[in-house]
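In the numbering used here, the protein residues as written are 232 to 372.
For every residue, glycine included, the Cβ atom is placed at its ideal position computed from N, Cα and C.
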Amino acid sequence: MRHLLRKWLYRRARTITGGTAGERAGRLFDAGLNCAQAVLQATSGSDDQKLLAMAEAFGGGVGGSKCLCGAATGGVMALGLNGRPQRAGKLMAAFRERHKVTCCKSLSAAYRWKSPEHIANCRRITVATAEMVEALLLEGK
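1) Given that a residue counts as buried once 16 or more other Cβ atoms are within 10 Å of its Cβ, and exposed if not, what is Ala252?
2) Counting C-beta neighbours from all protein chains within 10 Å, is the total for Ala284 16 or more, i.e. buried, or is it exposed?
3) Please go through the same chain and pick out, in chain order, the residues whose beta-carbon is closer than 7 Å to the beta-carbon of Leu312, but skip the five residues on each side of it.
4) Report yes if the C-beta distance between Thr357 and Phe326 is below 9 Å; otherwise report no.
5) Grouping DSSP H, G and I as helix and E and B as strand, with all else coil, what is Cys300?
6) Does the ligand GTP have even one heavy atom less than 8 Å from the beta-carbon of Ala303?
7) Go to Asp279, then tell me how far its alpha helix (DSSP H) extends in each direction, as first and last residue.
8) Suppose you measure from the CA of Met232 to the CA of Ala324; what does that come to, to the nearest Å?
9) Would you call the CB atoms of Arg354 and Phe260 closer than 9 Å?
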């Protein structure tokens, strides 16, 4: 059953287009993708279901460990996929400057895990990260 739900979700994600990367990431997150998947899909220009499946393991901090934020890892993946891996350090610096930390647990410390407030906070971080990635992808074009 979970496999069928995942397949449906990935197909649905393909239909979310238009707007800025941040807007797309927010809509993808609202549709059920995790933070890593939403940033990757919104900024990579790819709708490859295998990429979304790969990124699923990065939500909630890498492997659900609540360590490195999934939105940040989704952004790093998108930069690499778009031939800009050297900008990953800039993304992490911008992320740290804006949010002070990169650890999912610290970013979510003020909220009960999976509460509506926690989900809203993750959505805000997802949108902001997609905007940072989009800026880095457009930089120097």
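Inspection of the coordinates gives the following:
1) buried
2) exposed
3) Same-chain partners within the cutoff: Ser275, Ser277.
4) no
5) coil
6) For the structure depicted, the ligand GTP is absent and the ligand set is empty, with no information on it obtainable.
7) For Asp279, no alpha helix (DSSP H) encloses it, and the DSSP letter there is neither H nor E.
8) Note that Met232 scores 47 on pLDDT, short of 50, meaning its location in the model is unreliable; the coordinates nonetheless yield the value given after this. The alpha-carbon atoms of Met232 and Ala324 are separated by roughly 40 Å.
9) yes
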